[in-house]
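Residue numbers (the numbering used here), protein chains in the order written: chain A, 1 to 330; chain B, 1001 to 1180. Heads up, the beta-carbon is just placed ideally off N, CA and C, and yes, glycines get one too. On a predicted model such as this, the values are computed, not experimentally measured, just so you know. Presented below is the structure to which this report refers.
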Amino acid sequence: MRAFSYSRAESVADALKGVVGHGETKVVAGGTNLLDLMKADVMRPTRLVDITRLPLNRIEETAEGGLRLGALVTNADTAHDERVRSRYPMLSRAILAGASAQLRNMATNGGNLLQRTRCYYFYDTGTPCNKREPGSGCGAIGGVNRIHAILGASEHCIATHPSDMCVALAALAAEIRVTGPRGERTIPFEAFHRLPGDAPQIDTNLAPDEIVTAIDLPARGFAAHSTYLKVRDRQSYAFALVSVAAALEIEDGKVTAARLALGGVAHKPWRDQAAEEALVGRPADAGSFAVAAEAVLRDARGFGHNDFKIDLARRAILRALQDAAASETP
Amino acid sequence: MDQRLAELRDTAPAVPDRIPISLVVNGVEKRMEVAAWTTLLDLLRNTLDLPGTKKGCDHGQCGACTVLVDGRRINSCLTLAVMKDGCEVTTIEGLATGDVLHPMQQAFVDHDAYQCGYCTPGQICSAVGLISEGQARTREEIRDLMSGNICRCGAYPNIIAAIEGVLGGTAPAQAKEDPA
Ligand SMILES: Cc1cc2nc3c(=O)[nH]c(=O)nc-3n(C[C@H](O)[C@H](O)[C@H](O)COP(=O)(O)OP(=O)(O)OC[C@H]3O[C@@H](n4cnc5c(N)ncnc54)[C@H](O)[C@@H]3O)c2cc1C
Ligand code: SF4
Ligand code: FES
Ligand code: FES
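Structural data, given as structure tokens:
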């Protein structure tokens, strides 16, 4: 790891002061992604601001009947929280499908949102990568791209967002609360992560001088009919090849509300609202679910090694929706 | 190498070399000064002379470096020592009471839950963390919640049996999966 200076923020204001105007400054929370990338020499901050002592470590009820997950609550504490488990079982499941127990004990909710891609070329400083070094090219296009995107990619980058938690948050339509020198604001989940376009070096719409303070979950948790399905190379402690967060509300065998988001397929957690809307009013059965799967994948495109993901995603969507329809309680 | 060092020096900001911290390691308070970039793992092994905690991958991918911080299992390779200022750290060296092994250590011995032994300190610390988390009840749950510890020798069946033994309050040596 390269040398850097370190300071510990004692308050949110303190943290913002530390970050403002320091291009090479990064905040560190669990450290599980940032320190890994610093060891790999992919990220090279010259200053780290330790935010772990800030009072953002609580899960609280919101006035709207939802839950506010503090940015510094660990992934483990979030997944095991009784309120999250019972009201948002899909989220709890998604978090527990990610990383390992040790990592989840360190990883924070804020850090999980901002974790970076696992594209091998991004990690390998000896190869071109537009995300790591804008303008250098993309090693994955025409290279080994088994884990790469099938939706929303650009000619500049075909990386995927690796988070499991974020796929469930997309399906739940969570909101990200952030604060910065221009005050506080709320970013709808859909607008938090970006597609690569011609600036793949920018992962999210969080400004460099802002920090995440919390994630707000709306009251609607789809606890009765939801699931998170993760398909990967080994059954545990591996990133998703394709994952699906599926949530339904069903009355008299008909879908009255649907949520569908995919992981491992795009630069951001991929929620498809058109496919969700098309499900409403239809019978909660395999026929409707197959139509939804086709709709999500209508513009999917492979890059060679990852062509299999299109078929895999189609089947995973179908199965996740069927599991969600069948599930009564998690 | 020289060029790399020169490069490191060039990019290094002017920082105080050492930051004072205090940690309670295996019940003993330690005060020291550390460089900001020293991981907890390197501090334990190189400064505190506790080489029981192993470095496998140094990237969070193997679990060999698992220790307990304030009672919770974490990967010490992805944690900066400065960030743990004021915390209690328990390593494999701190589990036994005098000459009496911790029940999990004893269970690993009884079940022959290792071959080369390199992953073992991490496995045992992780298993101690798993028990106190209280989330694992079935064999499947143990397997899933121990997946953060890789064993290159493939001693998994006996590792799981050892943990099951402690979890069930029984640790019979005969419960070994592999009689060889
Ligand atoms: C071996 C391994 C396997 C993994 N497997 C999975 C997996 O299967 N599924 C999965 O989803 N994840 C997986 N992960 C990733 C893990 O979930 C993330 O590393 C973790 O969630 C990041 O959280 P953190 O608190 O450690 O972030 P840090 O490493 O501390 O920070 C990550 C980034 O977020 C920024 N940041 C952190 N907090 C804030 C904040 N409040 N405001 C603004 N910026 C902030 C930091 O500046 C940094 O850029 C794996 C990680 C490892 C090492
Ligand atoms: S896919 Fe994106 S992250 Fe991977 S090499 Fe190409 S530009 Fe870099
Ligand atoms: S050395 Fe820390 S996980 Fe491998
Ligand atoms: S006993 Fe050899 S790595 Fe596990």
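Q) Where does F308(A) land, buried or exposed, given buried means 16+ other C-beta within 10 angstroms? A) With fewer than 16 other beta carbons inside 10 angstroms of its own, F308(A) counts as exposed.
Q: For ligand 3, list every residue whose C-beta falls under 6 Å from any of its heavy atoms, going in chain order.
A: K1055(B), G1056(B), C1057(B), D1058(B), G1060(B), Q1061(B), C1062(B), G1063(B), A1064(B), C1065(B), N1075(B) and C1077(B)
Q. When you compare each of L35(A), G30(A), D285(A) and E60(A) to D81(A) by their alpha carbons, which one comes out closest?
A. E60(A)
(Q) Check for me: the alpha helix (DSSP H) holding R93(A) runs from which residue to which? (A) P89 to L96
(Q) Check for me: the beta strand (DSSP E) holding S7(A) runs from which residue to which? (A) S5 to R8
Q: Name, going along the chain, the residues of the stretch 83 to 102 of chain A whose beta-carbon falls closer than 7 Å to a beta-carbon of chain B.
A: S100, A101 and Q102
Q | the stretch 197 to 212 of chain A touching the stretch 177 to 184 of chain A, judged by at least three CB pairs closer than 8 Å | A | yes
Q | N-terminal and C-terminal residue of the beta strand (DSSP E) that K1030(B) is part of | A | V1028 to V1034
Q: Could you tell me the distance, in whole angstroms, from the CA atom of A1171(B) to the CA atom of A168(A)?
A: Bear in mind that the predicted position of A1171(B) carries a pLDDT of just 44, short of 50, making it too unreliable to give a figure here.
Q) Is the Cβ of L1167(B) closer than 7 Å to any Cβ of chain A? A) no
**Q.** When V1128(B), C1151(B), Y1118(B) and D1070(B) are compared against G1165(B), the one with the closest alpha-carbon
**A.** V1128(B)
(Q) Let me check you understand the geometry: is the CB of P162(A) closer than 6 Å to at least one non-hydrogen atom of ligand 2? (A) no
Q) Straight-line CA distance for A3(A) to A1035(B)? A) 9 Å
Q.
Tell me which residues of the stretch 1145 to 1166 of chain B have at least one Cβ-Cβ distance to chain A shorter than 7 Å, keeping chain order.
A. L1145, S1147 and G1148
(Q) Using the three-state DSSP reduction, which class does D50(A) fall into: helix, strand or coil? (A) strand
Q) Is the shortest distance between the beta-carbon of L35(A) and the beta-carbons of chain B less than 7 Å? A) yes
Q: Just mark R1031(B) as buried or exposed, buried being the case when its beta carbon has 16 or more other beta carbons within 10 Å.
A: So R1031(B) ends up on the exposed side.
(Q) Below 6 Å, is the gap between the Cβ of P134(A) and the nearest heavy atom of ligand 2? (A) Incorrect: P134(A) has no Cβ contact closer than 6 Å to ligand 2.
Q. Does DSSP put V27(A) in a helix, a strand or coil?
A. The DSSP-derived three-state label of V27(A) is strand.
Q: Find out if the Cβ-Cβ distance for the pair L217(A), L56(A) is shorter than 7 Å.
A: no
Q. How is the beta strand (DSSP E) around Y258(A) delimited, first residue to last?
A. First, the amino acid is wrong: residue 258(A) is Ala here, not Tyr. Element bounds for A258(A): K254 to G263.
**Q.** Residue burial classification, I1074(B) (beta-carbon count within 10 angstroms, cutoff 16)
**A.** Burial call: buried.
Q. Are the C-beta atoms of T204(A) and some chain B residue less than 7 Å apart?
A. no
Q: Would you identify the three-state DSSP class for L297(A), choosing helix, strand or coil?
A: coil
Q) In the structure shown, what three-state DSSP assignment does I1163(B) receive? A) helix
Q. How should C1153(B) be labelled, buried or exposed, when 16 other C-beta atoms within 10 angstroms of its C-beta is the threshold for buried?
A. exposed
Q | Meets three-Cβ-pair contact criterion under 8 Å: the stretch 216 to 231 of chain A and the stretch 290 to 307 of chain A | A | no
Q | Cβ-based contacts, 8 Å cut-off: residues of the stretch 1128 to 1144 of chain B near chain A | A | G1129, L1130, E1133, Q1135, R1143 and D1144
Q. If we call anything under 7 Å between Cβ atoms a contact, is D164(A) one with G110(A)?
A. Not a contact, by the Cβ cut-off of 7 Å.
(Q) So, with DSSP's three-state summary, where would you put V280(A)? (A) Three-state DSSP puts V280(A) in coil, outside helix and strand.
Q. Between the stretch 311 to 324 of chain A and the stretch 239 to 257 of chain A, are three or more C-beta pairs nearer than 8 Å?
A. yes
Q) Taking 6 Å as the cut-off, does the CB of Q1105(B) come closer than this to any heavy atom belonging to ligand 4? A) no
Q. Does DSSP classify R177(A) as helix, strand or coil?
A. strand
(Q) So A1064(B) contacts chain A; which residues on that side make the cut at Cβ distance below 8 Å? (A) Per Cβ cutoff of 8 Å: no residues; A1064(B) is ~11 Å from chain A at best.
Q: For M1083(B), decide whether its Cβ has a neighbour in chain C, counting only Cβ atoms nearer than 7 Å.
A: The structure shown contains no chain C; the protein chains it does contain are A and B.
Q. If you check the beta carbons only, do G1122(B) and A1064(B) fall under 7 Å apart?
A. yes
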